[in-house]
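Protein chains in written order, with our numbering: chain A, 12 to 180; chain B, 3 to 105.
Built from N, CA and C at the ideal position, the CB exists for glycine as well.
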Amino acid sequence: MEQLVLCCQPEVARLLWRFARSHADLEDLVQETFLRVVRGIHTWRPDRPFLHWLRRVTVNAGRDYCRRQAVRRRWTAEPAAAAAGGEPAAPEAVDPAPDPAARAAADEVKQLLATLPPDDYALLALHHLEGWGLADIARNFGWTVTATKLRAWRARARLRARLENPSVS
Amino acid sequence: MNTPPDPRDRAFEELARRARSDAPAPIDQSALLRAIRQTPPARAGWWEEFAAIFSRPAVLAGCTAAMVVMLGGAGWMAWDTWQNVLPWVDLINGGSPLGGGIL
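So, in structure tokens, the structure goes:
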């Protein structure tokens with residue numbers, strides 16, 4: 012199991028970084044993902060590729076994180092900030108980035124996507140940042156391809172509305 | 003004719019393209035491994051084990067065939083027992099046992 016963790020951890024961390032808002036959150040998310048793997052390893056069927064199963068567990072952990080963040084935003088100080096016309100809280104980028112321009116762009120994208128519903132965040136992040144096709148996303152989320160296309164279209168429409176008027180939440 | 007791309011979509015796609023190369027800092031592997039070592043390995047419950055055994059088509063077909071054979075055997079035994087008991091039932095009810103030759 013430890014060999015497996017060491018082997019797959021960079022891929023898992025890179026994928027979860029699209030969801031996490033800080034490096035501390037990323038560490039928690041990676042740990043949560045591998046604990047889910049350890050506890051649920053008996054649900055993996057050996058006739059299926061392990062990496063696909065791991066990726067699905069990882070994406071589910073990321074989606075759960077997005078949902079928790081959305082609930083937290085709803086019940087903490089952000090509504091007051093939005094009512095006052097302020098911007099939502101920026102991701103905590105305290106760790107040094109190897110490419111500061113890319114980090115700034117990623118923070119901006121995360122901040123923008125964080126104003127959308129959690130599933131829209133996950134869908135657009137995987138599609139635009141990870142380059143996943145809609146069929147891959149549909150398979151991982153357990154949706155049909157048609158439903159995924161429709162959700163992507165609606166998510167982009169919401170995103171355009173946010174770009175036009177950032178104060179609308 | 004296709005709808006021309008929205009300039010706001012193009013701006014977002016350009017931002018996302020730049021964000022793609024962002025990578026996280028390495029995470030603390032020793033803490034991760036420590037947490038995993040402390041987690042007890044999961045044992046499948048009886049239902050998962052049962053479902054795993056019976057999920058293969060050959061097992062399912064074998065069980066169906068065995069069930070048909072057992073039902074056939076049990077049906078034949080029940081019929082045979084009933085045939086043996088029937089004369090005594092007739093006798094108790096006042097009918098003529100063994101084909102009615104006595105009365």
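- Interface flag for residue 30 (chain B) against chain A is set, since a Cβ pair is found closer than 9 Å.
- A check of alpha carbon separations from residue 130 (chain A) across A:158, A:12 and A:35 identifies A:158 as the nearest.
- Using a 10 angstroms sphere on the CB of residue 114 (chain A), the tally of other CB atoms reaches 16 or more, which defines it as buried.
- Close to chain A, meaning a Cβ-Cβ distance shorter than 7 Å, is no residue of the stretch 51-76 of chain B at all.
- Taking the Cα positions, residue 147 (chain A) is about 29 Å away from residue 83 (chain A).
- For the stretch 23-46 of chain A, the beta-carbon criterion of a distance under 7 Å to any beta-carbon of chain B is satisfied by 24, 25, 28, 34, 37, 38, 41, 42, 45 and 46.
- Distances from the CA of residue 53 (chain B) to each of A:62, A:66, A:65 and A:56 were compared; the closest alpha carbon is that of A:56.
- Interface annotation, residue 12 (chain B): not in contact with chain A, CB-CB separation never under 9 Å.
- Runs of the alpha helix (DSSP H) lying entirely within the stretch 6-58 of chain B and spanning at least 4 residues, in chain order: 9-21, 31-40 and 48-56.
- Sixteen is the threshold: since fewer than 16 other Cβ atoms of the shown chains lie within 10 Å of the Cβ of residue 94 (chain B), the residue is exposed.
- Rounded to the nearest angstrom, the gap between the Cα atoms of residue 164 (chain A) and residue 145 (chain A) is 11 Å.
- Against chain B, the CB of residue 142 (chain A) has a partner CB under 9 Å away; the residue lies at that interface.
- One alpha carbon belongs to residue 16 (chain A), the other to residue 152 (chain A), and they sit about 23 Å apart.
- No residue range can be given for residue 95 (chain B), since it is assigned to no alpha helix (DSSP H) and is classified by DSSP as neither H nor E.
- Restricted to the stretch 124-154 of chain A, the alpha helix (DSSP H) segments that are unbroken, complete and at least 4 residues in length are 129-135 and 145-152, listed in chain order.
- A residue is called buried when at least 16 other Cβ atoms come within 10 angstroms of its Cβ; residue 63 (chain A) does not meet this threshold and is exposed.
- Residues of the stretch 112-123 of chain A with a Cβ closer than 7 Å to any Cβ of chain B, in chain order: 112, 113, 114, 116, 117, 119 and 120.
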